[in-house]
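The block underneath contains the structure these notes are about, expressed in C-alpha cells.
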Amino acid sequence: MSRIIVVTSGKGGVGKTTVTANLGMALAKLGRRVALVDADFGLRNLDLLLGLENRVVYTAIEVMAGQCRLDQALVKDKRQEGLVLLPAAQSRTKEAVSPLQMKKLVTVLAQKYQYILVDSPAGIEMGFRNAIVAASEALIVTTPEIAAVRDADRVVGLLEAQGIKRLRLIVNRLKPAMVQADQMMSVQDVQEILAIPLIGVIPDDERILVSTNRGEPLVLEEKLSIPGIAVNNIARRLEGEKVPFLDLMAEHDNLLNRIRRLFRG
Numbered sequence: 016m017s018r019i020i021v022v023t024s025g026k027g028g029v030g031k032t033t034v035t036a037n038l039g040m041a042l043a044k045l046g047r048r049v050a051l052v053d054a055d056f057g058l059r060n061l062d063l064l065l066g067l068e069n070r071v072v073y074t075a076i077e078v079m080a081g082q083c084r085l086d087q088a089l090v091k092d093k094r095q096e097g098l099v100l101l102p103a104a105q106s107r108t109k110e111a112v113s114p115l116q117m118k119k120l121v122t123v124l125a126q127k128y129q130y131i132l133v134d135s136p137a138g139i140e141m142g143f144r145n146a147i148v149a150a151s152e153a154l155i156v157t158t159p160e161i162a163a164v165r166d167a168d169r170v171v172g173l174l175e176a177q178g179i180k181r182l183r184l185i186v187n188r189l190k191p192a193m194v195q196a197d198q199m200m201s202v203q204d205v206q207e208i209l210a211i212p213l214i215g216v217i218p219d220d221e222r223i224l225v226s227t228n229r230g231e232p233l234v235l236e237e238k239l240s241i242p243g244i245a246v247n248n249i250a251r252r253l254e255g256e257k258v259p260f261l262d263l264m265a266e267h268d269n270l271l272n273r274i275r276r277l278f279r280g
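So that you can map any letter, position 170 of the sequence shown is 185 in our numbering, and since no number is skipped, the others follow by simple counting.
Structural data, given as C-alpha cells:
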C-alpha cells in the first residue's frame, strides 16, 4: 500500500526541500519505489537539489492540462533506481492548481509508487492546501527557533483539522554548542511545544549547503556525514525499524575533547 506523506512546516527556510530530496533518496536506497512531488508552483527548487534541473521537460501543470502523460513528466534519477521527481512549474502561481487536481495526480502516482513525498511550499494558503489534500501522513520540519516552532504549531493544528493524524517531527539544523550555551532551544523544548512524536534530528552542517549547491544529496556520500546518517535513520524509522537517535550532544562533547587534547599536545 502506498504512503502519501507531506513534508511541511509553515515557515519558509527551515529545510523542507533539502529533507524531501535526501529522505526520498534514502528510501530509494532501501529498495523502495519513491515519487517526489514538488508542490511549490512558481518557486521550483526540488529539481535543483536533486541535480535534475536540466532533465525537466514537462511539469505537473502540463499533466493536469492534458498536454502530456504523467510518465512523460516524471524525471527518473539515474543514480538511484526507483526514484522519480514530478516537477512544479515556475511559470505558474500556486492558484493555477486546485486541490482536486492535485489529489487526482497524487492518487495516480500512488498506484505505482510505495512512497509519495510531497514537498509543501511555505505558508498556509493555497499551495499548502494543494500539498496536503491527498496526504495521510505528515512530516513537520522545524528549526529550533521560536518563530519556526510557532508556525509549525499552527500547521499541526491545520493538519489535524484536515484529518491527518499521523504526524511526526523532524528538528533540523540543531547546533549542539548553542543548545549547551542556552542560546538555542533544545529538541526537548521543541517536542514539548509541538507535542508530536519525534522521528529525526538533523544537525547543522556546512556540508549540507555544499551538497545542495552541487545537486548531490548527502545520503549518496560514500562515507556518510552525521546529517547523512540522521536522514538515513529517518528513512529506516519510516520503514518501522527501531533505530536509536544519535546523541548529537555527546558528538559535540567528543569533538571539543579532541580539540582540547590536540592543543594540550
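Think of the CB as a built atom: it goes at the ideal place given N, C-alpha and C, for glycine as much as any other residue.
Note that this is a predicted model, so its numbers are computed, not measured.
- In terms of Cα proximity to residue 179, the closest of 40, 185 and 155 is 155.
- For residue 220, no beta strand (DSSP E) segment is defined, and its DSSP state is neither H nor E.
- Pairing residue 112 with residue 121 gives a Cβ-Cβ distance that is not under 8 Å.
- Classified as buried, residue 149 has 16 or more neighbouring CB atoms from the shown chains inside 10 Å of its CB.
- Using a C-beta cut-off of 8 Å, the stretch 22–32 makes no contact with the stretch 76–94, since fewer than three inter-stretch Cβ pairs fall below that distance.
- Excluding residues up to 5 positions away in sequence, 147 lie with their Cβ nearer than 7 Å to the Cβ of residue 177 in the same chain.
- The way I'd put it, the stretch 222–240 doesn't touch the stretch 193–203; fewer than three beta-carbon pairs between them come closer than 8 Å.
- Judged by beta-carbon spacing, residue 152 lies within the 8 Å limit of residue 20, meaning their Cβ atoms are closer than that value.
- Proximity to residue 221 across 207, 188 and 198 peaks at 188, based on C-alpha coordinates.
- Between residue 195 and residue 264, the C-beta spacing is below 8 Å.
- Taking the Cα of residue 214 as reference, the smallest distance to any Cα among 165, 139, 261 and 73 is reached at 261.
- Assigned with DSSP and collapsed to three states, residue 50 falls in strand.
- Nearest to residue 163 by C-alpha distance, out of 16, 238 and 23, is 23.
- Here DSSP, grouped into helix, strand and coil, assigns residue 35 to helix.
- The beta carbon of residue 135 lies closer than 8 Å to those of 21, 22, 23, 24, 31, 54, 55, 142, 143, 146 and 147 in the same chain, with the five residues before and after it left out.
- In this chain, the beta strand (DSSP E) harbouring residue 157 covers 152–157.
- DSSP links residue 197 through a beta bridge to no other residue.
- When 241, 43 and 166 are compared, the shortest CA-CA separation from residue 98 is found for 43.
- For residue 120, there is no enclosing beta strand (DSSP E); the residue is found in the alpha helix (DSSP H) stretching over 114–124.
- Excluding sequence positions up to five before and after residue 209, its CB lies within less than 8 Å of the CB of 155, 157, 164, 167, 168, 171 and 184, all in the same chain and listed in chain order.
- Beta-bridge annotation (DSSP): residue 67 is not paired with any residue.
- About 12 Å separates the beta carbon of residue 233 from that of residue 249, a gap too long to meet the 8 Å contact definition.
- Residue 187: not part of any alpha helix (DSSP H); member of the beta strand (DSSP E) spanning 181–189, first to last residue.
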